[in-house]
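Worksheet for the structure shown next.
Residue numbers (the working numbering): 18 to 205.
So this is what it looks like as structure tokens:
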């Protein structure tokens with residue numbers, strides 16, 4: 018029983034090669050299918066990622082269910098990822114090729130429909146992303162970018178100078194109004 022837990026059933030080279038091939042395959046697939054999967058915009062995207070991890074599990078471990086085999090596979094995956102990240106850090110052009118470029122979805126408060134369609138995103142999904150970040154109207158957003166890793170960078174739109182002055186005047190008028198009310202109350 019204990020022997021089965023620790024004895025690797027497959028050759029060591031196979032245990033190392035399987036995770037490397039699966040890793041490279043998944044990186045290519047995620048690059049092809051885009052940032053949307055990584056952003057997990059809806060429950061279906063999450064289901065796809067979870068199913069994908071379960072599907073490739075057997076490709077990584079093969080017929081070997083030993084603990085040692087699993088640890089070798091995990092260590093190989095982490096090691097390959099570490100090496101790839103370090104390599105791409107030093108080679109920015111390759112990094113951009115592998116990761117892709119950011120996609121501007123909103124510019125100056127206007128949705129760029131072409132870019133939204135290229136990422137297979139609906140307006141509703143975009144608005145959900147904005148709501149999660151505390152934006153409730155499109156007019157509040159200056160720029161929204163879908164990053165290569167699936168994250169969203171959102172810049173708040175700065176109010177126009179006239180709006181700022183108007184709001185300050187309203188605040189001052191409200192203060193004057195409050196003082197007048199207190200003054201009238203104190204005289205009665």
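Positions of the beta carbon are idealized from the N, C-alpha and C atoms, including for glycine.
For clarity, every value in this text was computed on a predicted model and none was experimentally measured.
Candidates the options: closest to residue i by CA position
i	options	result
residue 85	27, 40, 70, 137	27
residue 134	109, 122, 73, 44	122
residue 93	195, 171, 38, 181	38
residue 73	126, 91, 157	91
residue 168	44, 31, 55	55
residue 176	125, 50, 139, 80	125
residue 114	51, 179, 199	51
residue 129	161, 111, 110, 29	161
residue 174	127, 139, 199, 205	127
residue 80	24, 141, 200, 201	24
residue 46	61, 60, 29, 65	65
residue 142	60, 189, 102	60
residue 136	108, 151, 165	165
Identified DSSP bridge partners for residue i
i	result
residue 124	127, 160
residue 172	160
Where residue i falls, given that 16 or more other Cβ within 10 Å makes a residue buried
i	result
residue 99	exposed
residue 36	buried
residue 120	buried
residue 194	exposed
residue 53	buried
residue 171	buried
residue 49	exposed
residue 163	buried
residue 196	exposed
residue 180	exposed
residue 58	buried
residue 118	exposed
residue 78	buried
residue 32	buried
residue 22	exposed
Three-way DSSP call (helix, strand, coil) for residue i in this model
i	result
residue 32	helix
residue 138	coil
residue 80	coil
residue 203	helix
residue 60	helix
residue 23	helix
residue 167	coil
residue 152	coil
residue 118	coil
residue 178	helix
residue 51	coil
**Prompt:** Should the segment 179-195 be regarded as contacting the segment 135-147, the criterion being three or more beta carbon pairs within less than 8 angstroms?
**Reply:** Verdict: no, contact absent.
Practice task
Inspect the CB distances between the segment 148-159 and the segment 41-55 and report whether three or more fall short of 8 angstroms.
Solution key: No, the segment 148-159 is not in contact with the segment 41-55.
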